[in-house]
Amino acid sequence: MARFDIGSISLWVSPVSIMKCFVGIGWVARGSEAELREYSIFCDGFLPFLISQDNEMPIDDFCKILIRKIDEIMENRHLESNLVTRFSQRLKNTLKNQKNRENACLYAFRYTIWLTAWMNSPFGKIGNQAAQQIEKWGVQPLYEALGAAASFGNAVFGKFVPSLQAVCVQLDVIYQNECSELQFIETLLHEEIHAVIHARMGEDETRYELAWLNELAAVLTSQFAIESAARELQDVKISEQVERCLNRMRSRQQYGTLADAVLRGTENHLIVWRAWERIFDLPQEKKRNYARNSVITPILHEVGWNVEFPYTYDNKYVTVYV
0 MARFDIGSIS LWVSPVSIMK CFVGIGWVAR GSEAELREYS IFCDGFLPFL
50 ISQDNEMPID DFCKILIRKI DEIMENRHLE SNLVTRFSQR LKNTLKNQKN
100 RENACLYAFR YTIWLTAWMN SPFGKIGNQA AQQIEKWGVQ PLYEALGAAA
150 SFGNAVFGKF VPSLQAVCVQ LDVIYQNECS ELQFIETLLH EEIHAVIHAR
200 MGEDETRYEL AWLNELAAVL TSQFAIESAA RELQDVKISE QVERCLNRMR
250 SRQQYGTLAD AVLRGTENHL IVWRAWERIF DLPQEKKRNY ARNSVITPIL
300 HEVGWNVEFP YTYDNKYVTV YV
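Shown next as structure tokens:
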């Protein structure tokens, strides 16, 4: 039921923000070519409208407006396939469900209280400073964030959702984490970095991707910003707590041990982000082929990581395309 400004990031926590994530995440369609064409038409009509709705409006008004919009798209675009008919009806049922509306209000109330306390704590100061820091390092522009709950399952803290043009932070899962105050800001900044990489690279379904390189940039850059901000508080106990929590987070992240290995080898937390900046500036054809050994390896060497692929660490390995 509020907007929280963390650096230049606006995080909305309201019944509408929670319902936006609940209905706008995880859209996957399978069907015939004709059905998928109709599905694409529906998405193009519905998702921008969903994004544009005021996060502060009453939840009942929001749901009614969306239901009317669904009916309007179906009628005006003459969408009749079984795929889109079933999908649109499922959306309407979700929006009509009174329990869903009540839960959105309950979550918004609960996490507004929690985040208000967070903003007024030392962790709020760390978060604000860390968000400003990543912008100084070139991670920009930062995206709007939406408070979410019960949207990704109980093992995901948050995601950048391109269809919503927002970072969705799953507050119910974060709240239960043993390092919730730091998990919140780490998740927010981590996903903002994914969002900026997505925006700077552009959409290209033919491009090979290096998911590990994307993830590595998010882990190292977000956590270094938090560590740096904590040190500026000059509070030894807080700094030690931050270090313990970030170490615990990294140990549980998919590429956390890779991040540790890179730090041991380079002593440079920003090395992977600097590599991405060089990728962004490549000519279009090279940029499309950034994942190939002939492109990415010289870039990594240039920024100071003298790596060869496949790169082995902790009985695991990552590699690139030939």
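Quick note on numbering: the sequence shown equals residues 0 to 321 in numbering that gives the first Met the number 0.
Backbone N, C-alpha and C fix where the C-beta goes; we use that ideal spot for every residue, glycine too.
The model shown is predicted, which means the values in this text are computed figures rather than measured ones.
C-beta atoms of residue i and residue j nearer than 8 Å
i	j	result
Ala154	Cys20	no
Asn54	Trp11	yes
Val261	Arg277	no
Tyr320	Ala274	no
Lys91	Ile58	no
Cys178	Arg230	no
Ile196	Thr220	no
Leu187	Val271	no
Arg89	Cys62	no
Leu145	Ser16	yes
Leu114	Phe3	yes
Leu78	Ile40	yes
Phe183	Val172	no
Ser322	Glu34	Nothing about residue 322 can be reported from this structure: the residues present for the chain run from 0 to 321 only.
Ile125	Leu245	no
Gln132	Ala224	yes
Phe45	Ile64	no
Ile295	Leu209	yes
Ile24	Ser150	yes
Phe279	Arg199	yes
Ala103	Met18	yes
Phe308	Asn288	no
Glu143	Ala165	yes
Terminal residues of the beta strand (DSSP E) in which residue i lies
i	result
Ser120	Here Ser120 belongs to no beta strand (DSSP E), and DSSP marks it neither H nor E.
Thr318	Counting along the chain, Thr318 falls outside any beta strand (DSSP E), and DSSP gives it neither H nor E.
Tyr254	Where Tyr254 is concerned, there is no enclosing beta strand (DSSP E), given that its DSSP letter is neither H nor E.
Tyr312	310–312
Cβ-Cβ separation, residue j to residue i (assumed contact under 8 Å), whole Å
i	j	result
Pro121	Ile237	5 Å
Leu94	Val22	7 Å
Lys158	Glu185	Actually they are not in contact, since the Cβ atoms of Lys158 and Glu185 sit about 14 Å apart, beyond 8 Å.
Ser227	Leu141	Their Cβ separation, rounded to whole angstroms, is 17 Å, which puts Ser227 and Leu141 out of contact at 8 Å.
Leu170	Tyr254	Actually they do not touch by this definition, with Cβ atoms about 24 Å apart.
Met0	Ser9	In fact, because the Cβ distance is near 14 Å, the residues do not count as touching under 8 Å.
Arg249	Val218	7 Å
Leu257	Tyr312	6 Å
Leu269	Trp136	6 Å
Boundaries of the alpha helix (DSSP H) in which residue i is found, first to last residue
i	result
Leu94	81–95
Ala210	210–231
Leu299	292–302
Ser16	14–23
Gln283	283–287
DSSP-derived helix/strand/coil call for residue i
i	result
Phe151	coil
Thr111	helix
Leu269	coil
Ile237	helix
Ala1	strand
Trp275	helix
Tyr106	helix
Leu10	strand
Arg247	helix
Ala129	helix
Arg29	coil
Gly264	helix
Asp60	helix
Asp280	coil
Leu78	coil
Leu65	helix
Glu307	coil
Glu134	helix
Glu71	helix
Glu242	helix
Glu143	coil
Identify every run of the beta strand (DSSP E) within the stretch 145–206, keeping only runs that are complete inside it and at least 3 residues long; order them along the chain.
Runs found: 157–160, 165–169.
Query raised in the report: Which residue spans inside the stretch 32–57 form an unbroken alpha helix (DSSP H) run of at least 4?
Result: Secondary structure within the stretch 32–57: the alpha helix (DSSP H) runs of 4 or more consecutive residues, fully enclosed, are 32–51 (chain order).
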